[in-house]
Amino acid sequence: MSKKIESHLSENRIFKPSREFSKKARVSSMAQYRRMYKESIDKPAAFWAREARELHWQKRWKKVLDWKPPFVKWFTGGRLNVCENCVDRHLTNGRKNKAAIIWEGEPGDKRILTYHQLHQEVCRFANVLEANGVKAKDRVLIYMPMVPEAAIAMLACARIGAVHSVVFGGFSAESILDRLEDSGATAVITADGGYRRGKIVELKTSVDEALRKYKGVKRCIVYQRTGEKINMRRGRDVWWHKEAEKASSSHEPKGFDSEHPLFILYTSGSTGKPKGILHTSGGYLVGTYTTCKYIFDMRDDDVYWCTADVGWITGHSYIVFGPLANGVTQVMYEGAPNYPDFGRFWNIVEKYGVTTFYTAPTAIRAFIKAGDKFPDRHDLSSLRLLGTVGEPINPEAWMWYHEKIGSGRCPIVDTWWQTETGAIMISPLPGCTPTKPGTATLPFFGVDAAILDDEGNECSADEGGRLVIRKPWPSMLRTIYGDRNRYRKTYWNDYKGIYTAGDGARTDKDGNFWIVGRLDDVLNVSGHRLGTAEVESALVSHPDVAEAAVVGRPHEIKGQGIVAFVTLKEGVRTAQTTDKILKGHVAKAIGAIARPDEIHLTPALPKTRSGKIMRRILKELVATGGVTGNITTLEDFSVVSNLQKNLKK
Ligand code: WT7
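Numbering (numbering that gives the first Met the number 0), first residue to last: 0 to 648.
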């Protein structure tokens, strides 16, 4: 009871933007938001055409929207070059000598690239790609540290119409291999290594391992970051800097169809195999451009910083394409938030005068734990707007962010979206939306979000249900690469013609959306999506493992931690196959982010009579230590009591 009252109280803390912020903001009143929202829903073609006209089209579109559920096309007949919009456009609109990227490496090295310099580097690298045989529609896998060249590589691919697939630098060789095979990539762009927490991450070594098994790659272009000795295979591997020396710094940006594929980004689902989310050009660019403009209220004197890695969708949409399309100045940082200590981010904010700061709740929780002394040592008065993404933010973390980092002055935009949505879908607009700690508040323009029950009826306020989007939006995924069936089944199967996000949510009486969490077997670990099935299949790939079940458990910093229950094969001794070995095995198979926090070896898993593992029971066991729900379908009751005893130890 007291808990209920408490959550009721916290929901009633309402924060409105200051009059000063509102006055300057693009959307400065709720009346204006409602008017624009209504237009965007009633007349989407008119609304989005107006936004799209702010970008450069080599050929104007014929039709704004072509919707044959579940397949959509935006700006059909239009031709554009995404890279030209992010780079060349700013050479003639007064931003030529403006800093595009202010970069800081983890060891402390610094670089600044103006839009003019970015243009030269991107052109040079587009020429390098073409000289190395990369053509439009070819798939190029990018596996890079957070250096400007990661963005340059993505932009250069876009410039020549090649489809990039960025793989996060923390993923393993086996993950690279899966993505190479699924995408059929013919080229790889990587680096010798990168810096993370004072250590070198050997990227090229992982690429080499993957390329021993995948033979489709004709060229591997290697950027030199650390100078460590690496293996260069003659005829296949070339150095970025040597190729760039030979290349011209001018390159004509050809126009591509609005629906030309821009990139594939793999993300976890409820099966063991990650899905290749396909995004295309025109709609994606309009979506990321528009959300940056209104939600981050981007303007020319901003210094914007998104702390994500380019390996995730946040890095694609809110480091590379959206911010650059807006011609903003942004900070890019290579390393860890706690290197050399937890003051690093605040040092960067102070040094470069960051105005807009976009990070993840998991980072905020880690900062809270590290102590106020770190932000207290720095002048954070340049900040005007804060953002979060990746998971629901707990009200305590929201309040700390608001008070300690924002001095109670900066609006916070809690942005809900997904790899699939391409751009932010639910978020406050900083100049008008009243915010409450923990809610992403209201849908963005054109986003027809709702909460439905199992029958497809709209839930009433405070009633939990499934979060859906009832109309197509410009930056929507177009398909799962090479698997239209899985695309249909995953997102469009619950209700006819309606996109299901896979999240459980509710609205409050003011219409704010509160995201509760995933409804499927997907975990959210430090704001990153991981399928339980993926971790399970990694475990089962160990020769000593017979069966595995993986569940999430609340984790103070990471949001969710990974708990695995493993049954070893007959005759394997637990002393031989320790939990430490199995944890290392998962890290090797997927990457360090998937390393389980706990592994419990057990002679049996709780199953139904038909042999299905009852993860629900395991979830409850790790969360509460007991089981309260219905377990009558359980095949063997002793399994649960044994596990219970085991967990108590
Ligand atoms: C899932 C998408 C979108 C970029 C980062 C993650 C969760 C994301 C929020 C938020 C509550 C959130 C959802 C979503 N999520 N942002 N502001 N509040 N939950 O991208 O890996 O595609 O994961 O992250 O569960 O479905 P992703």
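From the three backbone atoms N, C-alpha and C, an ideal C-beta is built for every residue, glycine too.
| Asked | Found |
| --- | --- |
| Residue(s) in a DSSP beta bridge with Pro553 | Gln559 |
| Alpha-carbon to alpha-carbon, Asn629 and Ile677 | Any answer about residue 677 is impossible in this case: the structure gives the chain only from 0 up to 648. |
| Cβ-based burial, Asp635 [other Cβ within 10 Å; buried from 16] | exposed |
| Gly310 Cβ short of 8 Å to the ligand WT7 heavy atom set | no |
| At least three beta-carbon pairs within less than 8 Å, the segment 183-194 to the segment 212-225 | yes |
| For Met331, three-class secondary structure by DSSP | strand |
| Glu649 versus Arg408: straight-line alpha-carbon distance, rounded | Lying before the first or after the last residue shown, residue 649 is absent from the chain, which here runs from 0 to 648. |
| Three-state secondary structure (DSSP) of His527 | strand |
| Length at least 3, wholly inside the segment 230-305: the beta strand (DSSP E) runs in chain order | 236-238, 260-266, 274-279, 302-305 |
| Nearest candidate by alpha-carbon position, reference Lys372, set Val388, Phe356, Asp340 | Asp340 |
| Cβ neighbours of Trp304 in the same chain (closer than 6 Å, five flanking residues each side left out) | Val330, Val353, Phe356 |
| Any non-hydrogen atom of the ligand WT7 within 8 Å of Ile414 CB | The question names Ile, but residue 414 in the sequence shown is Thr. Answer for Thr414: yes, Cβ within range of the ligand WT7. |
| In chain order, each alpha helix (DSSP H) run of at least 4 residues that lies wholly inside the segment 46-130 | 81-85, 114-130 |
| Beta bridge counterpart(s) of Tyr142 as assigned by DSSP | Thr189 |
| C-alpha gap between Leu428 and Ser17, whole angstroms | 13 Å |
| Whole-number beta carbon distance between Gly226 and Tyr338, since they are thought to touch under 8 Å | Not really, about 19 Å apart at Cβ, beyond 8 Å. |
| At least 3 beta-carbon pairs within less than 8 Å: the segment 419-437 vs the segment 19-32 | yes |
| Trp491 in three-state terms, based on DSSP | coil |
| Nearest-angstrom Cα separation, counted from Glu208 out to Lys587 | 12 Å |
| Ile278 vs Ala135 beta-carbon contact at 9 Å | This sequence places His at residue 278; Ile is not what is there. No; because the gap between Cβ atoms is not below 9 Å, this pair is not in contact. |
| Supposed contact pair Ala396 and Met424 - C-beta distance, whole angstroms, cut 8 Å | About 21 Å separates the two Cβ atoms, so there is no contact after all. |
| Through-space distance from Ser316 to Asp482, alpha-carbon basis | 23 Å |
| Residue of Ala98, Arg123, Ala365, Lys22 minimising C-alpha distance to Gly526 | Ala365 |
| Sequence-distant residues of its chain with Cβ nearer than 7 Å to Gly254 (five each side left out) | Gln57, Lys58, Arg78, Leu79, Asn80 |
| Distance cut-off 8 Å: Ile392 Cβ against heavy atoms of the ligand WT7 | yes |
| Where Thr577 sits in the DSSP three-state scheme | coil |
| Touching by the beta-carbon criterion (3+ pairs, under 8 Å), the segment 608-621 and the segment 575-582 | no |
| Whole-angstrom distance between Asn325 and Met297, CA atom to CA atom | 7 Å |
| Check: Arg653 C-beta below 8 Å from any heavy atom of the ligand WT7 | Nothing about residue 653 can be read from this structure; the chain reaches only from 0 to 648. |
| Alpha carbon of Arg608 to alpha carbon of Asn131, nearest angstrom | 57 Å |
| Which of helix, strand or coil DSSP assigns to Asn11 | coil |
| Residues that DSSP places opposite Arg505 in a beta bridge | Trp513 |
| Nearest residue (CA-CA) to Lys72, options Ser540, Thr478, Ser39 | Thr478 |
| 6 Å Cβ shell around Phe170 - same chain, five flanking residues per side excluded | Gly590 |
| Inter-stretch contact at 8 Å, needing at least 3 Cβ pairs: the segment 226-237 / the segment 488-502 | no |
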